[in-house]
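K.L.:
One structure coming up, written as structure tokens, with questions to follow.
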Amino acid sequence: MVDFADFDTRGYPMVDVRTGYAQWVESYEQTVEDAMDLAVLARLAVPEWASATRAADLGCGTGRTGAWLRRQGVAAVDGVDLTPQMLERARARGAHERLVEGDLAATGLDGGAYDLAVSSLVDEHLADLGPLYREAHRLVRPGGLFVSVGLHPYFIMAAGMPTHFDGADGAPVAITTHVHLVSDHLAAGLAAGWQLAEMREAVVDDAWIALKPKWERYRSHPVSSAYVWRR
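Under UniProt numbering, the sequence shown has 116 at position 116, and the numbering climbs by one with no breaks.
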């Protein structure tokens, strides 16, 4: 098992997921770049988004992903998140039919009720990937998909940078971060009964450098990864 502490170059004070996102909620939309996740989802070839009548948005946060799914033609989206403050923002956004406060390992959503489950920028906060993959498998009907997108493990290790934000006093605060290798995702997905249908890795390119000029030193390094699993 890879420990993020072995790579941490920042040494920011670290808080748990619920605490961190409750504090980050005010500036979250202004600091998370679509290039990290939504742009990667848009390049996937296997998902036919508009064919999904109902999707489960796992770790829905402020509703960014749910709103994106609706724009792609997904008929209905239910969301689950651990942080009440994030759910308040998602509720105001109005992209979800149902929003549930809960753990991604046991969402309380109906089993076999979804054509699609999606998790975005979630896995780095999980100590163990197994429960997420198993719960997604329970939620998705046969033939359905589970799509997971997040930070590439290589980038977390190379940059030594945890998920973080600036607190109310302007000082950086880190949220519990874990490193999961590509093989960890494959092992967890296969063990849960999924079949891998597509994988895509995105690198730091010109578009990224335009957003974050200081990332020039990471040019061509993998920054995001996405997995498409079929039940």
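Every residue, glycine too, gets a C-beta built ideally from N, C-alpha and C.
#1: Using DSSP with H/G/I as helix, E/B as strand and the rest coil, what is L41?
#2: Using a 10 Å radius around the Cβ and a threshold of 16 neighbouring Cβ atoms, would you call T83 buried or exposed?
#3: Thinking C-beta only, is H137 closer than 8 angstroms to W194?
#4: Is the separation between the beta-carbon of V149 and that of V40 shorter than 8 angstroms?
#5: Taking all protein chains shown into account, do 16 or more other C-beta atoms lie within 10 angstroms of the C-beta of E124, making it buried, or fewer, making it exposed?
#6: In the DSSP output, which residue or residues are listed as bridge partners for G79?
#7: Can you list, in chain order, the residues of its chain with a C-beta nearer than 6 angstroms to that of L121? Leave out the 5 residues immediately preceding and following it.
#8: Have a look at G167, A159, T176, A113 and flag the residue whose alpha-carbon is nearest the alpha-carbon of F146.
#9: With 16 as the cutoff for other CB atoms within 10 Å, does S224 come out buried or exposed?
#10: Return the chain-ordered list of same chain residues with a C-beta closer than 6 angstroms to the C-beta of A188, the five sequence neighbours on each side being excluded.
#11: Looking at C-alpha atoms only, which residue of G59, A95, D81, V80 is the closest neighbour of V74?
#12: Output the boundary residues of the beta strand (DSSP E) element that contains F165.
#13: May I ask you to report which of helix, strand or coil DSSP gives W208?
P.N.:
A quick look at the data gives this:
#1: helix
#2: buried
#3: yes
#4: yes
#5: buried
#6: D57, L99
#7: D37, G150
#8: A113
#9: buried
#10: L129, G130, Y133
#11: A95
#12: 164-166
#13: helix
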